Amino acid sequence: ELKVEQNPLFLSMQEGKNYTIYCNYSTTSDRLYWYRQDPGKSLESLFVLLSNGAVKQEGRLMASLDTKARLSTLHITAAVHDLSATYFCAVILYGNKLVFGAGTILRVKS
Amino acid sequence: ETGVTQTPRHLVMGMTNKKSLKCEQHLGHNAMYWYKQSAKKPLELMFVYSLEERVENNSVPSRFSPECPNSSHLFLHLHTLQPEDSALYLCASSQAFSGIYEQYFGPGTRLTVT
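Order-wise, the sequence lines are chains U and E.
1203 is the number of the first residue of the first sequence in our numbering; add one for each residue after it.
5 is the number of the first residue of the second sequence in our numbering; add one for each residue after it.
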């Protein structure tokens, strides 16, 4: 059974600070996805990481994938309030099946 | 309409009612999904349809019945639900066999069972 663990589950950070969210998974997979969800809204795709060593950046967010360590990170640089949301990682189990982590609730304080 | 749409956005139903949730994708995808999102629980995959054939039924109770009449439409028929079925139901679509499998989500239906 594939398990996907995110930590921390809750993160309160000051504007302007940097932080990293971690996503560990238990079985081999070479595809990992990061999503963002605002309260009461649906999931928005942020990054698709398709190979070992993949790194993608969009604005203040950067995601990376280490398939050997079964670890992905989502790094936040100089956080701003607009980044407050819940962030999910998800891993392909087989075929079309995604297994999601529990989500990290991010609150950026002014 | 663009992306993935879902109707209704909110639904309140009694335990003896029968209702249906509708999902439509405008992305030309060939796989569609139903997920359940409850408070304090990870997103749970319920059903997967690929090329209009159900390929996954994740031990979902029979009071939830999916239907996929074509690659653009997906329904979730609900009957004799329980209060614990109250949740956000999300529909998603993707391009199967693309090697990428990125899923695009609809806005969800907030279901309350009274």
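Even glycine gets a Cβ: it sits at the ideal position worked out from N, Cα and C.
If you're wondering where the values come from, they're calculated on a predicted model, not measured in any experiment.
Checklist entry - Does the separation of the CB atoms of H33(E) and S75(E) fall below 9 Å? => result Counting from one through the second sequence, the residue named residue 33(E) turns up at place 29. Counting from one through the second sequence, the residue named residue 75(E) turns up at place 71. With respect to S75(E), H33(E) sits close: the two C-beta atoms are nearer than 9 Å.
Checklist entry - What residues from chain E crowd round I1294(U), counting only those whose CB sits closer than 8 Å? => result As a working mapping, residue 1294(U) is identified with position 92 in the first sequence. Neighbours of I1294(U) on chain E, chain order: Y105.
Checklist entry - Which residues of chain U have a Cβ atom closer than 7 Å to the Cβ of V52(E), listed in chain order? => result Mapped onto the second sequence, residue 52(E) falls at position 48. Scanning chain U for C-beta atoms nearer than 7 Å to the C-beta of V52(E) yields N1298 and K1299, reported in chain order.
Item to check | From Y105(E), C95(E) and I104(E), residue whose alpha carbon lies closest to that of L25(E) | outcome: Mapped onto the second sequence, residue 25(E) falls at position 21. If you compare the alpha carbons of Y105(E), C95(E) and I104(E) with that of L25(E), the shortest gap goes to C95(E).
Checklist entry - Got a sec: is the Cβ-Cβ distance from R1262(U) to anything in chain E below 9 Å? => result Against the first sequence, residue 1262(U) aligns to sequence position 60. Not closer than 9 Å to any Cβ of chain E, the Cβ of R1262(U) fails to qualify, so no.
Item to check | Within chain E, the residues that Y1235(U) reaches when beta carbons sit closer than 7 Å | outcome: Here the question's residue 1235(U) lines up with position 33 in the first sequence. Contacts between Y1235(U) and chain E, judged by CB atoms closer than 7 Å, involve E106 in chain order.
Next on the checklist: Assuming contact is defined by CB atoms lying nearer than 9 Å, are Q99(E) and Y37(E) in contact in what I supplied?
Outcome noted: The sequence position of residue 99(E) within the second sequence is 95, counting from 1. The sequence position of residue 37(E) within the second sequence is 33, counting from 1. Not a contact, by the Cβ cut-off of 9 Å.
Checklist entry - Nearest to Y39(E) by CA position, among T116(E), T118(E), V117(E) and G110(E), is which residue? => result Taking the first residue of the second sequence as 1, we reach residue 39(E) at position 35. If we check each option's Cα against that of Y39(E), G110(E) comes out closest.
Next on the checklist: At the level of alpha carbons, what is the spacing between K1258(U) and R1309(U)?
Outcome noted: Along the first sequence, one-based indexing puts residue 1258(U) at 56. Along the first sequence, one-based indexing puts residue 1309(U) at 107. Going from the Cα of K1258(U) to the Cα of R1309(U) covers about 22 Å.
Checklist entry - Using a beta-carbon distance cut-off of less than 8 Å, what residues from the segment 47-80 of chain E approach chain U? => result Within the segment 47-80 of chain E, the qualifying residues are L47, L49, V52, S54, V59 and E60.
Next on the checklist: Determine whether the beta carbon atoms of L1276(U) and I104(E) lie at a separation below 9 Å.
Outcome noted: Your numbering for residue 1276(U) matches position 74 in the first sequence. Your numbering for residue 104(E) matches position 100 in the second sequence. In this structure, I104(E) does not lie closer than 9 Å to L1276(U) by Cβ.
Checklist entry - My guess is that H77(E) and C27(E) are in contact by the Cβ rule of under 8 Å, so how many angstroms apart are they, rounded? => result Taking the second sequence and counting its residues from 1, one reaches residue 77(E) at position 73. Taking the second sequence and counting its residues from 1, one reaches residue 27(E) at position 23. 7 Å between Cβ atoms; contact.
Checklist entry - Can you find a C-beta in chain E that's less than 9 Å from the C-beta of E1203(U)? => result In the first sequence, the residue the question calls residue 1203(U) occupies position 1. At a cut-off of 9 Å between beta carbons, E1203(U) makes no contact with chain E.
Checklist entry - Is the segment 1266-1280 of chain U close to the segment 1207-1222 of chain U, with three or more CB pairs under 8 Å? => result The segment 1207-1222 of chain U and the segment 1266-1280 of chain U touch, with three or more beta-carbon pairs separated by less than 8 Å.
Checklist entry - Should the segment 1290-1306 of chain U be regarded as contacting the segment 46-63 of chain E, the criterion being three or more beta carbon pairs within less than 8 Å? => result Below 8 Å, enough C-beta pairs join the segment 1290-1306 of chain U and the segment 46-63 of chain E to call them touching: three or more.
Item to check | For L1234(U) and I1294(U), the rounded distance between their alpha carbons | outcome: Within the first sequence, the letter at position 92 stands for residue 1294(U). Within the first sequence, the letter at position 32 stands for residue 1234(U). Distance between the alpha carbons of I1294(U) and L1234(U) is about 7 Å.
Checklist entry - So who's on the other strand from F109(E), going by DSSP bridges? => result Here residue 109(E) refers to the residue found at position 105 of the second sequence. F109(E) has A96(E) as its beta-bridge partners, per DSSP.
Item to check | First and last residue of the uninterrupted beta strand (DSSP E) at K1258(U) | outcome: Locating residue 1258(U) in the first sequence gives position 56, counting from the first residue. That run of the beta strand (DSSP E) goes V1257 to E1260.
Next on the checklist: Just checking: is the beta-carbon of K1243(U) within a distance shorter than 9 Å of some beta-carbon in chain E?
Outcome noted: Within the first sequence, residue 1243(U) is the residue found at index 41, counting from 1. Chain E contact via Cβ: present.
Item to check | Residues of its chain near A1287(U), where Cβ-Cβ distance is below 7 Å and the 5 sequence neighbours each way are ignored | outcome: Here residue 1287(U) refers to the residue found at position 85 of the first sequence. So the list reads R1238, Q1239, D1240 and L1308, once near-sequence residues are dropped.
Checklist entry - Considering only the beta carbon of each residue, do F51(E) and L80(E) sit closer than 9 Å? => result Within the second sequence, numbered from 1, the residue matching residue 51(E) stands at position 47. Within the second sequence, numbered from 1, the residue matching residue 80(E) stands at position 76. Yes.
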